[in-house]
Amino acid sequence: MRLPTTLDRRSALVVAASGVGAALTAGCSGSIHPPSPADAPSAVRTAGSAPADVDPDLRSRAIADERRLLAACAAPAGQEPFVTLRQLHRDHLRLLTGQAVAAPAAAPGAPAAPQLAAAERAAATVRRADCVRASPSLAPLLASLAASAEVAAVLLTP
Amino acid sequence: MTDRAAGLESVLAGEHAAVYGYGVAGAVLVKLQAPVPLIAAARGGLDAHRVSRDRLSDAIAAFAGTPPGPLAAYQIPFALDTPAAVLRLLIALEDRLCGIAANAVEVSVGRPLSADVLGAAAVRAAQLRLLSGLPAAGAVLAFPGLPRLR
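From first to last, the protein sequence lines stand for chains A and B. Using our numbering, you'd call the opening residue of the first sequence number 10 and step up by one each time. Using our numbering, you'd call the opening residue of the second sequence number 19 and step up by one each time.
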């Protein structure tokens, strides 16, 4: 991934008075160059600096949490937001493991949303702490997973 | 500007843009007599971005950097003639900030702050999508800030 210079970013932000540049919302998300889905798992394994040796453990912990959360979202078919959350966790696992993940069997009873929300929040806290320790190549993914878990918790909260 | 704080400076520039955009959005929503939840979301977002902006400025100063100020003006990319258009702007602002923050997380200095900004922007983006009428499946992104991983 490349971190564009601040100058790149500011020029993308635009000054209307100058009559040049892009719009208020242009630019920066497009400047991110994460690995493609196909090569992302190997790419995130490869660290670019000293903390690289902790990355495998951090990834393993993320995978374990995602599997646990996916299993906890085994709601009856069609019930939202659990269907959406299951898909989210499957997407996360697919990227982290490099393999497609089957949907868990639907559980007969309604899941307990408050407990699941608490689990998502706890996972967010752990991912955010792990992202601080991770290599520069893994840290954005862990931060993104933390953000996703925060969003999941909000979806589960009335 | 210091290299050490470069990531945070980028995030701060994004917050300045968000504060501007939310300020405009709030005024337009009032003028359009938009539903109260939309106006409340715009006001809440403006307050949150101001707090984040100030927190980032303080952090950059603590790293012996000079916090960048806002630009003189920003260009709104499309006409804000309906509440839906305003919502679209706010969602785009949050998604953009997610991208900036995810990029900044690569830099170790200020990484927790960048991660906090990413989480907060992702939550607001999802809430705004829900407000716009999208179902849950369309309101959340699998990898906030890293859309190409999807």
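Think of the CB as a built atom: it goes at the ideal place given N, C-alpha and C, for glycine as much as any other residue.
CB contact check: residue i to chain A, cutoff 8 angstroms
i      : result
B:Y92  : yes
B:L136 : yes
B:A45  : no
B:A110 : yes
B:A103 : no
B:V141 : yes
B:L164 : yes
Inter-residue spacing [alpha-carbon to alpha-carbon] between residue i and residue j
i      : j      : result
B:L98  : B:G63  : 17 angstroms
A:Q96  : A:L164 : 14 angstroms
B:A52  : B:R114 : 24 angstroms
A:Q124 : A:A162 : 10 angstroms
B:V127 : B:S75  : 14 angstroms
B:V48  : A:E159 : 30 angstroms
B:V125 : A:R99  : 28 angstroms
A:A31  : A:A111 : Any reading at A:A31 needs caution, since the residue's pLDDT is 39, under 50, leaving its predicted position unreliable; the model's value is listed next. Taking the straight line joining both Cα atoms gives about 42 angstroms.
B:R73  : A:R77  : 34 angstroms
B:D65  : B:Y40  : 9 angstroms
B:A80  : A:T34  : 29 angstroms
B:A133 : A:C140 : 8 angstroms
A:S146 : B:V158 : 24 angstroms
A:R68  : A:Q108 : 14 angstroms
B:V29  : B:A35  : 10 angstroms
B:G44  : B:R61  : 6 angstroms
A:R142 : B:A155 : 31 angstroms
B:Q93  : B:V42  : 11 angstroms
B:V141 : A:A156 : 7 angstroms
B:V54  : A:T106 : 44 angstroms
B:L108 : B:R68  : 15 angstroms
B:A103 : B:L146 : 12 angstroms
B:A77  : A:A114 : 47 angstroms
A:A128 : B:R22  : 34 angstroms
8 angstroms Cβ cutoff, residue i in contact with chain B
i      : result
A:E89  : yes
A:P145 : yes
A:D100 : yes
A:T166 : no
A:P113 : no
A:A148 : yes
A:E75  : no
A:T106 : no
A:V63  : no
A:A122 : no
A:E159 : yes
A:V110 : no
A:L97  : yes
A:L33  : yes
A:A152 : yes
Any non-hydrogen atom of the ligand GDP within 7 angstroms of residue i CB
i     : result
B:D65 : Among the components modelled here there is no ligand, and therefore nothing to report on the ligand GDP.
Boundaries (first-last residue) of the alpha helix (DSSP H) holding residue i
i      : result
B:Y38  : 24-49
A:A109 : Counting along the chain, A:A109 falls outside any alpha helix (DSSP H), and DSSP gives it neither H nor E.
B:R166 : Note, B:R166: premise wrong, no alpha helix (DSSP H); not H, not E.
B:T100 : Element bounds for B:T100: n/a, residue is neither H nor E.
A:A128 : 122-142
B:V125 : Neither: B:V125 is in no alpha helix (DSSP H) and is coded neither H nor E.
B:A155 : 154-157
A:D62  : Looking at the DSSP string, A:D62 is not in any alpha helix (DSSP H), and its letter there is neither H nor E.
A:S146 : Per DSSP, A:S146 belongs to no alpha helix (DSSP H) and is neither H nor E.
B:A52  : Run containing B:A52: none; DSSP gives neither H nor E here.
Short CB-CB distance (under 8 angstroms) between residue i and chain D
i      : result
A:A156 : Here chain D cannot be found, since the structure's protein chains are A and B.
Self-check item: chain B contacts made by the stretch 128-142 of chain A, where a contact means CB separation under 9 angstroms
Solution: The residues in question are A133, R136, R137, A138, C140, V141.
Quiz item: Using Cβ-Cβ distances below 9 angstroms, what residues of the stretch 67-95 of chain B are close to chain A?
Solution: Residues of the stretch 67-95 of chain B with a C-beta less than 9 angstroms from any C-beta of chain A: P86, L89, A90, A91, Y92, Q93, I94, P95, listed in chain order.
Quiz item: Taking Cβ-Cβ distances below 8 angstroms as the criterion, which residues of the stretch 123-135 of chain B are in contact with chain A?
Solution: For the stretch 123-135 of chain B, the residues whose beta carbon sits under 8 angstroms from a beta carbon of chain A are, in order, V123, E124, V125, S126, R129, P130, S132, A133, D134.
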